[in-house]
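Below is one structure, written out as structure tokens; the observations come after it.
In this note's numbering, the protein residues as written are 1 to 942.
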């Protein structure tokens, strides 16, 4: 050896004197010397005498630096200690130092020695000497070899390859830099271990021909490799990248097993080898595109080759075993000949969802019915452009819509409503009530309800050849229109004159009361019904309404049948199924109809963004059957469609929020929503349109009730009715009951019912101002008061620095109607232009006279006051309706400058006012302006 620093001569006798004595001496000194056993050499210098030469170089060792004087030694690597040092070290310690315990902590990579201090130090020195003798060497190997060694288990390879044959070395792997790491007790062991690895582990690349490469890249071959690697340990198969980035198959392991493994791989590849053939297809491209769905239909279900359509090349690619490819090419050319295709596009809501789900059964049945094979294309991603439906909405106004209920009929055309109902009397507010004078000008139910003043006015002004307008009296309307006859041919002219009068005054609602007992005998009821309804539909403006009230059931049935006849005669749509819906409170909530044409499939659908097209290709060899199959397919889906039309006059006056909710039903229920004049059409699947129709009813009903409540509150905002309970405490009533009580108080003053505090029914008597409970029978006090707001009485508000202020009244308010009724009692021939509420004008606004004294004159009737009014530049007149403190009064005289004393003996106590006639005064005169309040200014035309 070179640079030998130490020599030892050893005498070997007895059992060591054998052929292997030099190796035994070498092993002995390798385990015990401090300088590293791999750095010594043994030579024989005589019989049983050997020379052992050592280098001066120290071993690398396994212990970490600077262990100090502790009894715990840190390890760089645990496996070398476990396999190479622990068995011999532990045995020597047990023999030489039995009182020392050795503990290995693999997680902390440390060895702990416990026992007497002297024994522990001696054992620690032996362990450190052994660890310093361990040698390490890194060997570069391909990744495939590293994978093979890991798969076999590194400790198992170390035992079977090295330790079992007397080589004191173990194996480790550095995966990061693709190197095999050897640990040994000597350089000699490392050299032998490296040599054994080279003998035991070999690699080779398996060459494949071009005809086998496609199969080698398949998933089947990858699965085969996994199964083969798990069934054999001597050889492993892997893919590896070479320098040209091409995949190659590598064999790693026992070279003697390479041939057998390679043979198995090649046999598998040959078995899986495929041929490829391209077949050009004539005819429509839909046939090869949908070939996977047509295999059984064309009798190609038994083919085993893989068939793929290449759209760019317009060819079919056939891949498989040579015999299978040949058979498939021959069959395809034969079976696909003469096949034709018809494409049917059903652009309807949820069409694709249906045919891809529940509709699959119908598609399958078409093969036996029409000898064709339907194929549903994938769902398109592109949204359908919505069609402009403006012309359809406009067209709806020209259609006549009809709805019926037990005692009500609703006929709507061009936003004009004819409402026929069977009731005994007129109870709803109307602008005009028409009273026929067929039998008498003095006796009728309408005249009796209106009162004596109306009868007296009619007796003075009635005309036999035209309509007569009078005040409303006690009826719930603005005016009464009397027509000479409702039975004859002139009825249409009378009704037209009434309509023209209403238009002139800005009225919208006409009520006609028809009592059979007040008409001429032998009148033609059918002709009357026809003339009334057609005249109204033709001449009324949009949003106007004609209400026909009939007390007799047989006459009502005639009008109902005639409404149906008019509807069916003028209707543009066909085959209607009528139905109605009532709210839980028994009030007519909506009248509607559904229609489902049998022949016109397209009319059942509106193209919109909700459409979900189902594109279906029909394949057959019979063109005639394909046409029939396409029509049957469209008719089949049309059976699920519906046009549900909602007819409701509330649609015309519904609020923006309600109509927005109805339009939002389109997205919620996936139906098309089209709004017309008084109608809403829901188009789509029948189940969905019915749900949307029902929900729209609820929306309109809720909106109608809310608007009704708002109307009642607006109408009665200046009047509040109160019922007192048994403790004489005030109980406010519902706004609807407050409204009904105010209407009755203003008109007929007939008893009406309201709901009490505890749900009992109270019958209100307006003459005694009491309410009788239906439960207890007790009488309760009833009181009507004007609403007080902002700290001021009634309708007053702060004036500030203004002398007076005008505020125009709402025509639908109770306040306006009250003023209007007061005016129309004697001025029905005149038309009110507007009515303003006033706050204290100057005295110069009022006229003065001297007939009853020099004071301020107020007329009881508007007709007397208007004689003193003058026309302005717009041909209009104005008068005031005011409040006057009349107090006690007497007949006036021209010479009065102040009211006379009540008792001449007491000249300080005066009358409040003077009149023209004490028994029936028509003029009141006051002499102080603070006793007057001009509340309303009425502008009118003659």
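All C-beta atoms in this analysis are idealised placements derived from N, C-alpha and C, irrespective of residue type, glycine included.
- By the neighbour-count criterion, in which 16 or more other beta carbons inside 10 Å mark a residue as buried, residue 426 falls on the buried side.
- With a 10 Å radius around the Cβ and a threshold of 16 neighbouring Cβ atoms, residue 706 comes out exposed.
- C-alpha of residue 864 to C-alpha of residue 681: approximately 55 Å in a straight line.
- Taking all protein chains in view, the Cβ of residue 639 is surrounded by fewer than 16 other Cβ atoms within 10 Å, so the residue is classified as exposed.
- The DSSP assignment places complete beta strand (DSSP E) segments of no fewer than 3 residues inside the region 119-174 at 135-140, 169-174, in order along the chain.
- With 16 or more other CB atoms across the displayed protein chains lying within 10 angstroms of its CB, residue 626 is buried.
- Assignment of residue 895 by DSSP, reduced to helix, strand and coil, places it in the coil class.
- Between the alpha carbons of residue 403 and residue 941 lies a gap of roughly 40 Å.
- Residue 75 and residue 125 have their alpha carbons spaced roughly 15 Å apart.
- Here residue 267 is exposed: its Cβ has fewer than 16 other Cβ atoms, across all protein chains shown, within 10 Å.
- CA-CA distance, residue 741 to residue 471, rounds to 21 Å.
- In the three-state reduction of the DSSP assignment, residue 320 falls in the strand class.
- Per DSSP, residue 437 is not a residue of any alpha helix (DSSP H), being assigned neither H nor E.
- Exposed is the label assigned to residue 464, since fewer than 16 other Cβ atoms lie within 10 Å of its Cβ.
- A distance below 8 Å between beta-carbons, with the five flanking residues on each side excluded, links residue 157 to the following residues of its chain, in chain order: 149, 171.
- Taking the Cα positions, residue 345 is about 13 Å away from residue 636.
- Listed as beta-bridge partners of residue 236 by DSSP are 252.
- Within a 10 Å sphere around the beta-carbon of residue 342 sit 16 or more other beta-carbons, which makes this residue buried.
- Closest by C-alpha distance to residue 218, out of 273, 207, 644, is 273.
- By the 16-neighbour rule on beta-carbons within 10 angstroms, residue 285 is exposed.
- Judged by DSSP in its simplified three-state form, residue 222 adopts helix.
- Cβ atoms of residue 294 and residue 619 come within 8 Å of each other, at about 6 Å.
- Counting of Cβ neighbours within 10 angstroms places residue 447 among the buried residues, the total reaching 16 or more.
- Here residue 193 carries a helix assignment [DSSP, helix/strand/coil].
- For residue 769, no alpha helix (DSSP H) encloses it, and the DSSP letter there is neither H nor E.
- With a cutoff of 8 Å on beta-carbon distance, residue 935 and residue 883 are scored as near each other.
- Under DSSP, residue 911 takes part in no beta bridge, so it has no partner.
- For the set 686, 904, 510, the Cα lying nearest the Cα of residue 539 is the one of 510.
- In this structure, DSSP gives residue 423 a state outside helix and strand, which the three-state scheme calls coil.
- Residues of the same chain with a CB within less than 6 Å of the CB of residue 361, apart from the 5 flanking positions on each side, do not exist.
- Counted as a single uninterrupted DSSP element, the beta strand (DSSP E) harbouring residue 762 occupies residues 761-765.
- Within its own chain, the residues whose Cβ lies closer than 7 Å to the Cβ of residue 752, once the five positions on either side in sequence are excluded, are 740, 741, 744, 764, listed in chain order.
- Residue 672 and residue 651 have their C-alpha atoms some 17 Å from each other.
- By a beta-carbon distance limit of 8 Å, residue 329 does not contact residue 281. Their separation comes to about 11 Å.
- It is roughly 38 Å from the alpha-carbon of residue 497 to the alpha-carbon of residue 644.
- Assignment of residue 816 by DSSP, reduced to helix, strand and coil, places it in the helix class.
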